[in-house]
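Chains as they are written, first to last, in my numbering: chain A, 402 to 880; chain B, 1456 to 1665. The beta carbon of each residue, even a glycine, is placed where N, CA and C say it ideally should be. Bear in mind that the values here come from a model prediction, so they are computed numbers and not experimental data. Take a look at the structure set out below.
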Amino acid sequence: MRGRIKFDVMNAQELELMKNRVEDLLSIRGIEVDHPELVAELEAGGAEVNGHNVKFSKALIKKALASVPAEFTLKSPSGERDLKFPNPTGDFYVRTNTGAMNYLDVKNDSHYITLDEVAEWTQLINSMENIDYCTLPSTSGEEVPVDAIDVYTLAQVLKHSKKHIWIQPYETDNVQQLINIAAAAVGGHDALRKNPIVSFISCGVPVLTWKRMDAEVLYRCAKAGVPVQPCSLPTAGANTPVTAQGTALVACAEVMAMIIMIQLIGPGTPVIATTLLFSMDMMTTYTLQSNTEITMARLICMQLFEQGYNIRAHSYGTGTDSLIIDEQNFIERTSLIHMMAMSDASVLGGAGQLETAKTISPLQLIIDNEIFGTAHRLRQGLAVDDETLAFKELMDGDDKAGFILSEHTMRHFTEPHRPRLFNRDGMAKWEQQGKKTLLDLAMERYEELLKAPVKVQLKDEQIKAIDEALTVAHKALVK
Amino acid sequence: MSILQELTDLVIAGNYMNIKAKTQEAVDQGLSAKEILDGGLMPGINLIGERFARNEVFVPNVLMAAKAMNEGVEIIKPLMLDGSVTTIGKVVVGTVKGDLHDIGKNLVALMMRSAGLEVIDLGSDVSTEKFIAAIKEHKPAIIGMAALLTTTMYEQKNVIEALQKEGIRDQVKVMVGGAPINQAWADKIGADCFAADAAEAARLAKAIVA
């Protein structure tokens, strides 16, 4: 969706070229898929198959894209935060980091994530007014069986989340179990199709290759009617071209391939095109999230899907390559969100993440809630009309005493965005109140939010159903 | 400029297109393989390595320099009395079972090769049995295992336990790395070393085989 202020990084000719090149890759080079059942159904649906290689003609691409639903809703377990797509206000939705394995706690200790911290994290997300849905962290294998980390984490998040949940599976066999656990929470598979409180992530392996597990996500979700946010995670210079544009092309082609596969297997399954681009630092070889060119490449991807195909698109809105909550962190995450807020994106992600998405931090989550508040305001832009110009008041000239008591001020004074945790006092009062920094105030909010014990959000029978499904999953998965 | 200096410069520039002809020219001038290697090719790769350590050049510079050097070595290899002189040690690398990520592991292999090590790359999703078989077959000085997921990092532990069970743990140094891996994990599972990135992996490997 588009706000009033728009960043179009491609002109019309470039957008058309990009669309053509995406479709050229899928129709001429094709993709590699290691999933016989899926490939067989794609062939039956009209794809050209040669072993693992699958090609989609441009006519088939057009047919598949025609069944992408124009409108859909990602439901929330509480029913309090259902997410309609397209967002009726033109705004974007926000999600938290996915897949982090480290937790930087408020005592500044970084460690593998515990199951209790998953519950704490989920409870915090419930309280963040500018964060719309949550994603699964990666619980430590010291806490839960290694073969079933994702299913145990999902069960924990399901019990505590008021908001929609995005699931990242780790093993092929786990995919169906994850669907089963989510279905248990809402009363069965038909209920889950009607009330999708979860959606899944599926990723290709650049370039244009799907191993069995990710193909399984596409296959099972399409069959179950569970929404998918098909995702490409390329790293420029490592597994995709070093140019940000070339990496954007690969990412868009991979996501487009997944959308086509999902629509051919399960027409009408909701999808959100998710391009999470990275680049490799050519001196250290570290994977970077905050490279400037790659940020612009994300804008290319958002523009391609939203403008070029009218498909809802999703990318990073915040995050950093900094390892800690320092100055680099804030420069990177705010410069990123300012660009992405003015892109076409329908979803922006990464709330709470540090260290190129490997670490999550409750304090950063609370601060990101503030940052996203500002970003939402940016997306709205400023309407220009006689009322917002205060034209009548200015023409009347009755402003000798200033505007503080004017009717116009009364009508509009609550409109300016006012971040809850930002300092808006003068020096004297700030010193008097203990010279609190943003981090101090985030800490205070953390303590306030967690005064109440972490609590489950579901009814007893739902908890029982989840636990029963978890037991079944454990038996099936844990060797 | 001497022809040896020209070879050094070609390695530094990563000029793999012209180095074969220049190396052949050196051979034709009567220089021995050892003189060409020690006086022309090796100084180039060593200098690039030093510059890389000082953050003065990028990884592709190192890789192109290594490619240029290898092109030169191909010319002098038949003239060497001891064919093994061009590598300093052998390493087996792979991404552990269940893990399909291979960018980091590929970089490790490239950087190790650039550092003069022979690398046997087992690929990704490598089972414990495959690691054991490769160690028995190739007898490397080092085995390097990558894991990019919290679910697969435990496979590193499984492989180390299997090495002990097979009675070959003392024959090989174990290096581990990957996104969720740190020194504490390496210590916990009994690995010999943890490499935070590809350059460090190559540096550690060189130190081990030295």
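Item	Value
Whose Cβ in chain B lies nearer than 7 Å to the Cβ of threonine 685 of chain A?	Asp1652
Output, in chain order, the set of chain B residues within a Cβ distance shorter than 7 Å of tyrosine 620 of chain A.	Per Cβ cutoff of 7 Å: no residues; tyrosine 620 of chain A is ~17 Å from chain B at best.
If we ignore side chains and look at the alpha-carbon of each, how far apart do glycine 542 of chain A and threonine 1606 of chain B end up?	7 Å
Below 8 Å on C-beta distance, what does glycine 542 of chain A contact in chain B?	Thr1605, Thr1606, Met1608, Tyr1609
If you measure from the beta carbon of asparagine 1637 of chain B to each beta carbon in chain A, is any gap under 7 Å?	no
I need the DSSP call for threonine 1606 of chain B, collapsed to helix, strand or coil.	coil
Would you please state the rounded distance, in angstroms, between the beta carbons of lysine 1552 of chain B and aspartate 1580 of chain B? I believe it to be under 8 Å.	6 Å
Go ahead and label alanine 784 of chain A buried or exposed: buried means 16 or more other beta carbons lie within 10 angstroms of its beta carbon, across all protein chains shown.	exposed
Given that a residue counts as buried once 16 or more other Cβ atoms are within 10 Å of its Cβ, and exposed if not, what is glycine 1729 of chain B?	Absent from the model: residue 1729 of chain B. The displayed extent of chain B is 1456 to 1665, so no value can be given.
Give the residues of chain A in contact with leucine 1465 of chain B, contact being defined as C-beta atoms less than 7 Å apart.	The premise fails here: leucine 1465 of chain B is roughly 22 Å from chain A at the closest Cβ pair, so nothing lies under 7 Å.
Whose C-beta lies closer than 6 Å to the C-beta of glycine 1544 of chain B among residues of the same chain, with five residues either side of it excluded?	Leu1572, Ala1596, Val1664
Compute the Euclidean distance between the alpha carbons of leucine 1518 of chain B and arginine 1506 of chain B, then round it to the nearest angstrom.	13 Å
With distances taken from CA atoms, which of B:Pro1635, B:Leu1465, B:Met1472, B:Ala1641 is nearest valine 1614 of chain B?	B:Ala1641
Whose C-beta lies closer than 8 Å to the C-beta of leucine 766 of chain A among residues of the same chain, with five residues either side of it excluded?	Thr497, Trp522, Leu525, Ile526, Met529, Ile532, Ala752, Gly753
On the DSSP bridge list, what partners appear for aspartate 1576 of chain B?	B:Val1548
Label arginine 699 of chain A either buried or exposed according to how many other C-beta atoms from any shown protein chain fall within 10 Å of its C-beta, with 16 as the threshold for buried.	buried
Is it true that the CB of serine 680 of chain A sits closer than 7 Å to the CB of isoleucine 695 of chain A?	yes
Would you identify the three-state DSSP class for glutamine 557 of chain A, choosing helix, strand or coil?	helix
Helix, strand or coil for isoleucine 761 of chain A per DSSP?	strand
Counting C-beta neighbours from all protein chains within 10 Å, is the total for leucine 619 of chain A 16 or more, i.e. buried, or is it exposed?	buried
Between which residues of its own chain and leucine 749 of chain A is the CB-CB distance below 8 Å, once the five residues before and five after are set aside?	Phe493, Tyr494, Val495, Arg496, His715, Ser716, Tyr717, Gly718, Thr719, Ile738, Met741, Ala742, Phe773, Ala776
Leaving out five residues on either side along the sequence, give the residues of the same chain with a beta carbon under 6 Å from the beta carbon of methionine 419 of chain A.	Leu705
Just the chain A side, please: which residues come within less than 7 Å of leucine 1555 of chain B by C-beta, in chain order?	Val606, Lys612
If contacts are defined as beta-carbon pairs under 8 Å, then asparagine 730 of chain A and leucine 755 of chain A qualify, I think. What distance do you get, rounded to the angstrom?	7 Å
Taking Cβ-Cβ distances shorter than 7 Å, what residues in chain A pair up with phenylalanine 1513 of chain B?	Met683, Met684
Would you list, in sequence order, the uninterrupted alpha helix (DSSP H) runs of no fewer than 4 residues that lie entirely inside the stretch 452-533 of chain A?	459-467, 516-528
According to DSSP, is phenylalanine 679 of chain A part of a helix, a strand, or is it coil?	strand
For glycine 638 of chain A, count the other beta carbons within 10 Å of its own beta carbon; 16 or more makes it buried, fewer makes it exposed. Which is it?	buried
Considering only residues of the same chain and omitting the five flanking positions on each side of alanine 649 of chain A, which have a CB-CB separation below 6 Å?	Ala698, Ile701, Cys702
Alpha carbon to alpha carbon, how far is asparagine 596 of chain A from lysine 836 of chain A?	48 Å
When Cβ atoms are compared, which residues of the stretch 568-582 of chain A fall closer than 9 Å to chain B?	Tyr571, Glu572
Is there a C-beta anywhere in chain B that falls below 7 Å from the one on threonine 636 of chain A?	yes
Can tryptophan 567 of chain A and threonine 540 of chain A be called in contact, C-beta distance under 7 Å?	no
For a test of the three-state rule: what should DSSP assign to valine 857 of chain A, helix, strand or coil?	coil
When you check each C-beta in the stretch 831-849 of chain A against every C-beta of chain B, which residues fall closer than 7 Å?	none
Can you tell me whether serine 1539 of chain B is helix, strand or coil according to DSSP?	Because the pLDDT at serine 1539 of chain B is just 47, under 50, the model does not fix this residue reliably, and the value given afterwards should be weighed accordingly. Helix.
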